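Residue numbering for the sequence shown follows this note's numbering, starting at 1309 and increasing by one per position. Built from N, CA and C at the ideal position, the CB exists for glycine as well. All values reported here derive from a predicted model rather than from experimental measurement. A short worksheet on the structure shown next.
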Amino acid sequence: MIPFSVLDLAPVTEGSDAGAAFANSLDLARHAEAWGYERYWLAEHHNMPGIASAATAVVIGHVAAGTSRIRVGSGGVMLPNHAPIVVAEQFGTLAALFPGRIDLGLGRAPGTDMLTARALRRDLADSADRFPQDVVELLAYFEDEEPGQRIRAVPGAGLKVPVWLLGSSLFSASLAAMLGLPFAFAAHFAPEHLIEALEIYRGRFQPSQYLARPYAMVGLQVVAADTDAAARLLFTSAEQQMLSLRFGTPGKLPPPKADLHDHLGPSERAMLDQTYREAIVGGPQTVRRGLESVIARTGADELIVAAQIYDHAARLRSYEILAEVRAAMAEAEAA
């Protein structure tokens, strides 16, 4: 059975704050480790009141220090916002502190609105275009130091931190294939090009010192509860947050709203249907059918699951159900 992992957006809920979000992230990571999840990734977003993981490397350190076995990393760091050597030093530091447990997932988008992107990077027009060169530069900083090398990442050099490329379009799929890197597709919020991106990645993949064969991870939104109805209610928090984001008013994660869909217009319904086309929402049997469908259609080597759920106990239960479903699937596969 393929591995399952956790994608945590460190949600800040209405009536709460970032400190509580970080405590909840660590609690979820400890549970995920006990439930057998492969890795626990956090995502870089800026100027979003409902997401606390802007300083992604710092939060990764917080989670890694409070766990013992699970891999911890970024899903992802938005490389155009940073100088490659700074990212290499940050993740070299994490790898030195937590040997064999750190992943570096890289994204090409700014992870924010355009105004904030300009505040993050002074050369907005050119930074995204330099993404391939910046990835190559960053990879080099993790290699063994060469004689006479004048610029090095300290720590970082020689640590061979695993680097992934993340994307929701075809560009990063092509680049990951060319560089021979593992690839993760963000179908949890942008599923449109999922199958095409995976086909391009696998079809163009070049074996490398990092990877002998393609390795594709699919990001999904999965909200599980004991019944379909309970899961659909929990999911309305994510839907409300996405509506606010798409209409330019990002906010904290709101509580579920039972009559949400009664007040939506056609354009709002269409947007949610498109955004969450691959979302799996329901009780254990519904979730299992959804997972089996995604795995069959994509041939994914791994799934990484986001769950924007307002109540922390319900969020824990969602990931627990998912782990139970995976165990049942593995048992059936082995039979």
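Original post:
Is the beta carbon of Trp-1349 less than 9 Å from the beta carbon of Asp-1316?
Top reply: For Trp-1349 and Asp-1316, yes; Cβs fall inside 9 Å.
Original post:
Hey, how far is the Cα of Gly-1591 from the Cα of Phe-1543?
Top reply: 12 Å
Original post:
By Cβ distance, which residues of its chain are closer than 6 Å to Asp-1442, with the 5 residues on each side in sequence left out?
Top reply: Within its own chain, the residues whose Cβ lies closer than 6 Å to the Cβ of Asp-1442, once the five positions on either side in sequence are excluded, are Leu-1387 and Pro-1392, listed in chain order.
**OP:** Mind checking which residues open and close the beta strand (DSSP E) that includes Ile-1612?
**Re:** 1610-1614
**OP:** Find the nearest neighbour of Ser-1382 within the set Asn-1389, Glu-1451, Met-1356 and Gly-1413, judged by alpha-carbon distance.
**Re:** Gly-1413
Original post:
Which residues in the same chain as Pro-1440 place their Cβ atom closer than 7 Å to its Cβ, once the five residues preceding and following it in sequence are excluded?
Top reply: Leu-1483
Subject >> Span separating the alpha-carbon of Gln-1398 from that of Ala-1537 >> reply: 43 Å
**OP:** Assess, as a yes-or-no matter, whether the segment 1344-1363 is touched by the segment 1556-1565 under the definition of 3 or more beta carbon pairs within less than 8 Å.
**Re:** With the rule of 3 Cβ pairs closer than 8 Å, the segment 1556-1565 counts as touching the segment 1344-1363.
Original post:
Do the CB positions of Met-1579 and Phe-1497 come within less than 9 Å of each other?
Top reply: no
Original post:
In this structure, what does DSSP give as the bridge partners for Gly-1475?
Top reply: DSSP, once it has assigned bridges, lists Phe-1493 as partnering Gly-1475.
**OP:** For the alpha helix (DSSP H) holding Val-1320, just list the boundary residues, first then last.
**Re:** Where Val-1320 is concerned, there is no enclosing alpha helix (DSSP H), given that its DSSP letter is neither H nor E.
Subject >> Reduced DSSP secondary structure (H/G/I, E/B, other) of Ile-1378 >> reply: coil
Original post:
According to DSSP, is Tyr-1348 helix, strand or coil?
Top reply: strand
Original post:
Is it a yes or a no for the segment 1333-1349 touching the segment 1371-1379, going by three-plus beta-carbon pairs under 8 Å?
Top reply: yes
Original post:
Which value, in whole angstroms, describes the spacing of the CA atoms of Ala-1539 and Arg-1577?
Top reply: When rounded, the distance between both Cα atoms is 18 Å.
Original post:
Cα-Cα, which of Ala-1396, Gly-1344 and Val-1367 is closest to Ile-1378?
Top reply: Among Ala-1396, Gly-1344 and Val-1367, the Cα nearest to that of Ile-1378 is on Gly-1344.
Original post:
Quick one: what does DSSP say Val-1469 is sitting in, helix, strand or coil?
Top reply: coil
Original post:
How about the segment 1622-1632 and the segment 1508-1522: do they share at least three Cβ pairs that are nearer than 8 Å?
Top reply: no
**OP:** Over the uninterrupted beta strand (DSSP E) stretch that includes Ala-1524, give me the two end residues.
**Re:** 1524-1532
Original post:
With 16 as the cutoff for other CB atoms within 10 Å, does Phe-1555 come out buried or exposed?
Top reply: exposed
Subject >> Continuous beta strand (DSSP E) stretch holding Asp-1581: start and end >> reply: Counting along the chain, Asp-1581 falls outside any beta strand (DSSP E), though it belongs to the alpha helix (DSSP H) covering 1574-1583.
**OP:** Starting from the C-beta of Arg-1585, find all residues in its chain whose C-beta is less than 6 Å away, skip the five residues before and the five after it, and write them out in chain order.
**Re:** Exclusion of the five residues before and after Arg-1585 leaves Pro-1499 as the residues of its chain whose Cβ lies within less than 6 Å of its Cβ.
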